[in-house]
Amino acid sequence: MATMRLELARTVPWLSLVLLAGQASFAWSQSQTTKIRPSLDMQALATDNATIKNGSPQSDVLLTVTPGISISTRGAYSELEGAWRFSHVRYTHQTQSDRTLPSGNLNARLGSGPQGLSLDAGVAAEQTRSQFTATNSATPSTQDTYTDYRYRLSPQFAHQFDSNTTVLAKINRTWVRSERNSGALVERPDSRVRDDGFSLTRQPTPFGFGLDGAYQSTIVSDQPDPTLTIKAARGRLLYALSRELEIGAIAGRETTSVLQQSVSSTVRGAQFRWTPGERTLVKGIGEDHAHGQTWQLDATHRSPWMSFGFQSRRSAETSAAPLGTFESGQSVRSILDAMLSTRITNKTDRARAVDDIITQRKLPTNLAGTRDLYDLSAQMRQVTTGRLAFMGRRHMLILVGGMSKSIPLRYDQNVATNPLLPDITSSEYFLDTQLTHQLTRLNSLTGGLRWSRAHNTTMLNGNSDFSHSREFSWRASLDTQLTPDTTATYGLRRQITHLNTSVTSESVMFVGLGYRF
52 MATMRLELAR TVPWLSLVLL AGQASFAWSQ SQTTKIRPSL DMQALATDNA
102 TIKNGSPQSD VLLTVTPGIS ISTRGAYSEL EGAWRFSHVR YTHQTQSDRT
152 LPSGNLNARL GSGPQGLSLD AGVAAEQTRS QFTATNSATP STQDTYTDYR
202 YRLSPQFAHQ FDSNTTVLAK INRTWVRSER NSGALVERPD SRVRDDGFSL
252 TRQPTPFGFG LDGAYQSTIV SDQPDPTLTI KAARGRLLYA LSRELEIGAI
302 AGRETTSVLQ QSVSSTVRGA QFRWTPGERT LVKGIGEDHA HGQTWQLDAT
352 HRSPWMSFGF QSRRSAETSA APLGTFESGQ SVRSILDAML STRITNKTDR
402 ARAVDDIITQ RKLPTNLAGT RDLYDLSAQM RQVTTGRLAF MGRRHMLILV
452 GGMSKSIPLR YDQNVATNPL LPDITSSEYF LDTQLTHQLT RLNSLTGGLR
502 WSRAHNTTML NGNSDFSHSR EFSWRASLDT QLTPDTTATY GLRRQITHLN
552 TSVTSESVMF VGLGYRF
């Protein structure tokens, strides 16, 4: 049985890739609009501390070649969107091992329309640091990073009985696999996540209701019991105080299992949704569980020149699967899409305009965020982030800040859930700014600052290990458009890190050349 499960865990991720390719073929044949754009980026980077160590820093020159492709296609019954890159990094002074690092995110949807059956599939890859408080340098590293792959399959069924009553059922499976980029790192086990749900909602007119059921679990390979399992059933009574404000009361039952510990309890809570205008949305939900209070809060406001977002959540989750979160919207693409929505109503035309702005102004794809926490145990995790963006005719300013806290999830503090797993408590605060200014028609200047502070405490068999770090960095670059498809980049970067009792620093100079086919 264990062998069958292992083979299934290895086979299904490849099945998701096959379905993703099948959806791509179907989207290609049925698409109304298709945009595929290959790219090639080359960079030479000189650093005085390639291994990010204090005492005896080693300088190196890194040569990076990154082919990539971005695709966006939409048809009557299908969508495929995303980007994928392969970065080959060569360390000319051999301070680290050369390696090819994949990164990207591809998502596809195949269905019969807004109602009926549909199938979502996705694959993603990214590099993560081995330690929570490790120096978060932008220099490519292979000695202390993992490449994490995430595969997702989600068949769904949606039906609208009338203009106010809808039903949604979903089956969601996610597989997480980590590959170490250095033989000196410890291998990480694979994880499988199950997230199934059912909801029946009647919008308030002025009274409404909701019935929800959910089953969520995370299984780590080689562990006999799921790390975290949540079974819940809820009822919601909704009332519309006005066209702009809705409130609701929540009651239900829930069973939460953390390895061998299992507790059943009553769930109580409240929710609200406030839309004072078509450009502003504030919504939230708070609940009281046996393992503590949880909440989700999301606030957004947009205008043709400004975008504001605030998200906060506290929930029981695992590092493989944050459970029950809102869409964060923490990407430059989502910010620009919100700003342009009043001027460009067509979704396809707006997506093309967003791509053009990102390319012309050399904007990053994603905003700064919290660090990745790797923990095989269940956690109570709190994450709060805020962003503010301004876009003018020749400049764009982005401010991002936030915090995260994680503590072990257990019901009896005197009984260890698993003596082989450490208890990890962590916290982080960060602030990041970026300014892009168009100097001339062909030249743009980009600069940014980042500050962060992180703490991590690990307890295992009565022994504790405490680490903390504080970082400050600045960056500046000049982009010159050589041809309509070719851009040259010249830049500098400086970072200072206080790790426990030591201080490390890194100074970087880089030049790059990018071509969009």
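Residues 52 to 568, numbered by this note's numbering, are exactly what the sequence shown covers, in order.
Glycine included, C-beta positions come from ideal geometry on N, C-alpha and C.
Residue i - partner residues in DSSP beta bridges
i, result
"V112", "A97"
"L490", "Looking at the DSSP assignment, L490 forms no beta bridge with any residue, so it has no partner."
"R438", "G360, V451"
"S192", "Paired residues: none, contrary to the question."
"D516", "T509"
"Y290", "F258, I298"
"G443", "G443 pairs with nothing; no bridge assigned."
"H342", "Answer is none; H342 lacks a bridge partner."
"D92", "T117, G565"
"Q178", "T198"
"I569", "The structure shown does not extend to residue 569, since the chain is modelled only from 52 to 568, so the question has no answer here."
"E132", "S123, N158"
"Q347", "I336, R364"
"R501", "D483, S524"
"T306", "K282, S315"
"D171", "R160, S205"
Contact check, residue i vs residue j, beta carbons under 9 Å
i, j, result
"H506", "H519", "yes"
"T497", "R526", "yes"
"Q344", "G335", "no"
"G133", "G162", "no"
"R245", "D263", "no"
"I103", "E557", "yes"
"R324", "A302", "no"
"S138", "I87", "no"
"N215", "Q254", "yes"
"L279", "L450", "no"
"R504", "F481", "yes"
"V237", "A371", "no"
"D258", "V218", "Per the sequence shown, residue 258 should be read as Phe rather than Asp. Cβ distance not < 9 Å, so F258 and V218 don't count as in contact."
"T534", "T540", "no"
"S110", "A101", "yes"
"V116", "L96", "no"
"V271", "D241", "yes"
"L387", "R364", "no"
"A284", "A265", "yes"
"A172", "L152", "no"
Under the three-state DSSP convention, the category residue i falls into
i, result
"V140", "strand"
"F568", "coil"
"N551", "coil"
"L59", "Any reading at L59 must be qualified, since the residue scores a pLDDT of 43, below 50, and its modelled position is unreliable; the value itself is stated next. It is helical."
"S558", "strand"
"S478", "strand"
"A367", "strand"
"G563", "strand"
"T508", "strand"
"S385", "helix"
"G380", "Confidence in G380 is poor, its pLDDT being 41 and thus under 50, which makes the residue's placement unreliable; the coordinate value appears in the next sentence. Residue state, collapsed to three classes: coil."
"T186", "coil"
"D483", "strand"
"A429", "coil"
"I395", "coil"
"A402", "helix"
"T534", "strand"
"I408", "helix"
"N465", "Summary for N465: the model assigns pLDDT 45, below 50, so the residue's position carries little reliability; its value from the coordinates is reported in the next sentence. In the structure shown, N465 sits in coil (DSSP, three-state: anything other than H, G, I, E or B)."
9 Å Cβ cutoff, residue i in contact with chain D
i, result
"S553", "Checking the listed chains, one finds no chain D in this structure; it contains a single protein chain."
Nearest-angstrom Cβ-Cβ length linking residue i and residue j, presumed shorter than 8 Å
i, j, result
"V140", "T98", "Going by Cβ atoms, the distance from V140 to T98 rounds to 12 Å, so no, they are not a contact pair."
"T476", "T435", "In fact, because the Cβ distance is near 17 Å, the residues do not count as touching under 8 Å."
"D199", "S229", "5 Å"
"H352", "E305", "The pair is not a contact, with the Cβ atoms about 34 Å apart (cut-off 8 Å)."
"Y197", "N232", "6 Å"
"W346", "G360", "Going by Cβ atoms, the distance from W346 to G360 rounds to 17 Å, so no, they are not a contact pair."
"A220", "F212", "No, A220 and F212 are not in contact; Cβ-Cβ is about 14 Å, not under 8 Å."
"A429", "A367", "6 Å"
"P19", "T393", "Missing from the structure shown is residue 19; the chain here goes from 52 to 568 and no further."
"T307", "H342", "6 Å"
"Q326", "E295", "For clarity, residue 326 is Thr in the given sequence; the question names Gln instead. Indeed they touch by this definition, with Cβ atoms about 5 Å apart."
"T146", "L114", "13 Å between Cβ atoms; not a contact."
Please give me, in chain order, every unbroken run of the beta strand (DSSP E) with length at least 3 that falls completely inside the segment 208-276. If we require 3 residues or more, the beta strand (DSSP E) runs fully inside the segment 208-276 come out as 216-231, 242-253, 258-271.
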